[in-house]
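Take any residue in the sequence shown, note its place counting from 1, add 14, and you have its number in this note's numbering. Ideal Cβ positions, reconstructed from N, Cα and C, are used throughout, including at glycine. As the structure is a computational prediction, the values presented were derived from the model and not from experiment.
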Amino acid sequence: MSIGNFRLIDLIRQKFDAGDLPREHPDKIFGGYGFGDACSGCGDPLGRGQGVFEFEVGGQDYRLHTGCYGLWEGELIRRGLFKP
C-alpha cells in the first residue's frame, strides 16, 4: 500500500523513529471499531465499521487500523523490542 510517495511501512517506521509511535508493547490492547478519529499510524480516518486496535503506552492513547497495528508490531519485533 502506498500513501503518496511513501509505502505505508515507511511511514510507520518514520513515525516510530520520530517517537510518534511507542517503542514498547502495551500491557493491554482493546479492539473495536472506528469513529472517524485519525489513525496514529497512517493519519487516515478510522471509519465506522473498520477494525481498530486501541492501547495506551506512557500515558498516551493510540488508535490504529488493524493493518497499521500489524506493521507497528512487526517493527517492534524487527528491532528486538517486542517483549510479550
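Could you give the residue range of the alpha helix (DSSP H) that holds F30? Where F30 is concerned, the enclosing alpha helix (DSSP H) stretches over L22 to A32.
Environment of M15 [buried if 16+ CB atoms lie within 10 Å]: For M15, the pLDDT reaches just 48, beneath the cut-off of 50, and the residue's location in the model is therefore unreliable, although a value from the coordinates is still provided. Exposed, by the Cβ-count rule.
For the alpha helix (DSSP H) containing G94, list its first residue and its last residue. In this chain, G94 is not harboured by any alpha helix (DSSP H), its DSSP state being neither H nor E.
Three-state secondary structure assigned by DSSP to L85: L85 falls in the helix class under three-state DSSP.
Inter-residue spacing [alpha-carbon to alpha-carbon] between W86 and G61: For W86 and G61, the gap between their C-alpha atoms comes out near 19 Å.
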